[in-house]
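Everything below concerns the one structure shown next.
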Amino acid sequence: MSRPSGRSIYMQRKEYAETLTKNPDSFQVRVEHLFICELDGQELRTEDDCVTKLKELDGKGRLWPQEMILEIKGAYVVLCDIETKAELDSIPLTSIVKTSAVLESCAYNSLLVVTVQEVRRRGPQVFMFQCEETGAEIIKADLDKAMRRGGGDIEPRRMTPDISRQSTTSFRRERFSPVQQEENLPSADYVAPQWDSRQPDYRPDSRPYSPQEEMSNYSDFQDSDMAMQRAEMERSTDIFNHILTDVEIFGGRVARVMNAAPEKENKGKIKLSKKKKSKSNASSLPHWNEYVAFLQKMKYGFNLLAQLNGALSNPSADVYVHIFFSFLGNTVPLYPQDLPPTVTSPLLTDEAVRLLNQVLDPQEKDLWMNLGECWSIPRSSWPGDVDPYIPEFYDGWRPPAPLHSPPDPQRNHPLNRNNSQRFPPGPVNNDQNYSPRATVQRSEPRSNGPMRSPPSQYPTEPPLYMRVAYNFSARNMQELTVTQGEVVQVVQKSRPWWLVRNSRNEEGNVPPNILEQVENSESSEEQRWDSRSQVTLDYNSTPAEVKAWLESKGLSRITVSSLGVLTGRLLLGMSKEEIRTVCPEEAGKVFFQLQGVKSQL
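Quick note on full-length UniProt numbering: the sequence shown kicks off at 1 and runs consecutively.
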């Protein structure tokens, strides 16, 4: 093979230099991922604490490093497998709070430390990488530059709450619960709130229980004011979780528009003026109707935080207030300034106004005051009537009915400021349009499902078959795991959650809002009972089947990649601590799902 000419080498170098000039933020480096540490506000408060923890684990030989590629793609830091190039994880640039380079401090002499705060996480996470080929200080500088560019004219620090502010609080994670989620199974005293595949933010206090205990506790529960208050709190946290999800979705769409602008400018030959660029960005932003809905959810979120203040931990209500204002600070300047003062409903409660006055820093308070009087005057002092607020969520979820029905304005008195609630009047707990997540259960017999024995007898009625519209994973022995597209028979629907039977003759309760009518053309028995099988796990499962099962549970890519190489026997034989070593972020969720599998084997 002939040696390339000097001109050929020069032209290749020239093309390479042009590539670097056109894409200054694009870089790809090889790193060794060492550990992910979550700041809990107790033993682990700062990055230094995490580095100390890293040294301890390294000294005990308990680290499990993995070499990977770290690169920036658009608005994300992406971690990829070295051999397959498969994406292992991605971190939005807007969620990076701080980057540090720690040199010559331990056996790992070039540490890159990245602190990340995602809205739905209980607290900041600290990613630690050993950087052999490219120094940690160089990668840190490139990341900092990408964060500045990715944030546009918006100060990157406002994308997430200040880490120093969070370090004085306790942290935990769910998607959110007033107490730690990973300790036990859900309690029999109430129906657990819904959480998605990313890890519920709130989870109920829980303990192992038997179905016999559950039945014996129902009568006491219904007469208990404390239990009623707890159910109301679970309902509020469930609604707050959905508000968080929608706020994150809207904020992500806005961030993508703002981060996409520099890329489009690089491709064009003619430089746009600042004025033209801002108009171009504005035309790509979500419609103002969505923006108004976003502002309404913000206001209602503040009301919920005031209601839950003192019950939340990891993070606290104060931290969520700062997170919400980081979204407002990044979004409000992009839309017409006369819109926020028109968003009257819902009005803030007196408790919410007090909470904001106590928590906001001077910069946030200035933003709050500039939003208009309807953001700072509580509904008890508002001089006029307001329309009821009924939130609509991106996923179609509908809030559960309140435990105490508000007065009917049509029958009792005209609508006034005290009726600026988000629920229309109506019956409590028996409206099938409401989700039953946090409503009080009736003291009627319940199925011990999912069960494989012949079903018990129920009042005779024509068989009703319905198709599952969304995946649902059982969280206790009374619920049934169903998958999207599966056809089930409704056995009983007199209570908030419907009792259904699948094609394997297993019974259990599911929320009715995940079911939809079966088309008339699918009326044959063969079509009613869908033949597609669920993804199952047992001791004989192959690694491929284990991976499919993990994916069906909505676990993260890195968890699926780490555990998907095991057989069913190996995975089912792992203890909770062993699972935590492999996937610390989702160990509790994986262990809980495995317990459900073991109970049916």
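Quick reminder that beta carbons are idealized off the backbone N, C-alpha and C, glycines included.
Quantities reported herein were computed from a predicted structural model and do not represent experimental measurements.
From which residue to which residue does the alpha helix (DSSP H) around residue i run?
i: G301; result: 288-308
i: R501; result: First-last for R501: 498-501, but that is the beta strand (DSSP E), not the alpha helix (DSSP H).
i: K547; result: 543-552
i: I558; result: 557-563
i: W375; result: From DSSP, W375 is part of no alpha helix (DSSP H); its letter is neither H nor E.
i: D58; result: 47-59
i: M369; result: 362-370
i: G568; result: 568-572
Alpha carbon to alpha carbon, how far is residue i from residue j?
i: V102; j: G74; result: 26 Å
i: Q66; j: L54; result: 15 Å
i: P336; j: S376; result: 19 Å
i: R198; j: P315; result: Bear in mind that the predicted position of R198 carries a pLDDT of just 37, short of 50, making it unreliable; the figure below should be weighed with that in mind. Straight-line Cα distance between these residues: approximately 17 Å.
i: L88; j: Q478; result: 35 Å
i: V487; j: V247; result: 33 Å
i: P383; j: P391; result: 23 Å
i: F327; j: A141; result: 26 Å
i: P378; j: L143; result: 43 Å
i: E507; j: G310; result: 39 Å
i: I579; j: E234; result: 29 Å
i: Y190; j: L63; result: With a pLDDT of only 35 at Y190, under 50, the local geometry of the prediction cannot be trusted, and the value read off the model is given with reservation. Each residue's Cα considered, the two are about 40 Å apart.
i: R528; j: P512; result: Residue confidence is low: R528 scores 42 on pLDDT, short of 50, so the model does not pin down where it sits. No coordinate-derived value is stated.
i: L347; j: S473; result: 36 Å
i: N303; j: W288; result: 23 Å
i: S236; j: V386; result: 22 Å
i: G123; j: V518; result: 43 Å
i: Q593; j: A86; result: 26 Å
i: L570; j: T536; result: 15 Å
i: E373; j: N330; result: 21 Å
i: A146; j: Y465; result: 53 Å
i: E290; j: V254; result: 11 Å
i: Y76; j: L360; result: 29 Å
i: S381; j: I514; result: 40 Å
i: S552; j: Q484; result: 11 Å
i: K493; j: N370; result: 49 Å
i: Q125; j: P463; result: 50 Å
i: L555; j: C583; result: 10 Å
i: L563; j: T84; result: 17 Å
i: M298; j: P333; result: 16 Å
i: T542; j: A17; result: 48 Å
i: H242; j: F324; result: 14 Å
Buried or exposed, going by whether 16 or more other CB atoms sit within 10 Å of the CB of residue i?
i: R475; result: buried
i: Q117; result: buried
i: V565; result: exposed
i: R203; result: Any reading at R203 must be qualified, since the residue scores a pLDDT of 40, below 50, and its modelled position is unreliable; no value is offered.
i: residue 632; result: For the chain, the structure presents residues 1 to 601; residue 632 sits outside this window and is missing.
i: Q28; result: exposed
i: Q130; result: buried
i: R504; result: exposed
i: E232; result: buried
i: T559; result: buried
i: E516; result: exposed
i: R437; result: No answer about R437 holds up, because its pLDDT of 32 lies below 50 and its placement is not dependable.
i: T94; result: buried
i: D338; result: exposed
i: N509; result: buried
i: Y320; result: buried
i: D238; result: buried
i: T349; result: buried
i: K60; result: exposed
i: T344; result: buried
Ends of the beta strand (DSSP E) at residue i?
i: M128; result: 125-130
i: E71; result: 66-73
i: P92; result: 87-92
i: Y76; result: 76-81
i: Q517; result: 515-517
i: N509; result: 507-510
i: residue 603; result: There is simply no residue 603 to check, as the chain begins at 1 and stops at 601 in what is shown.
i: C106; result: Element bounds for C106: n/a, residue is neither H nor E.
i: Q28; result: 28-38
i: R467; result: 464-468
i: Q489; result: 487-492
Is the beta carbon of residue i within less than 7 Å of some heavy atom of the ligand SAH?
i: P496; result: With respect to small molecules bound, the structure shown includes none, and the ligand SAH cannot be examined in it.
Between the segment 5-16 and the segment 38-46, do at least 3 Cβ pairs fall closer than 8 Å? no
Are the segment 285-299 and the segment 99-114 touching, with three or more C-beta to C-beta distances below 8 Å? no
Assess contact between the segment 573-588 and the segment 544-552, defined as three or more Cβ pairs (one per stretch) separated by less than 8 Å. Is contact present? no
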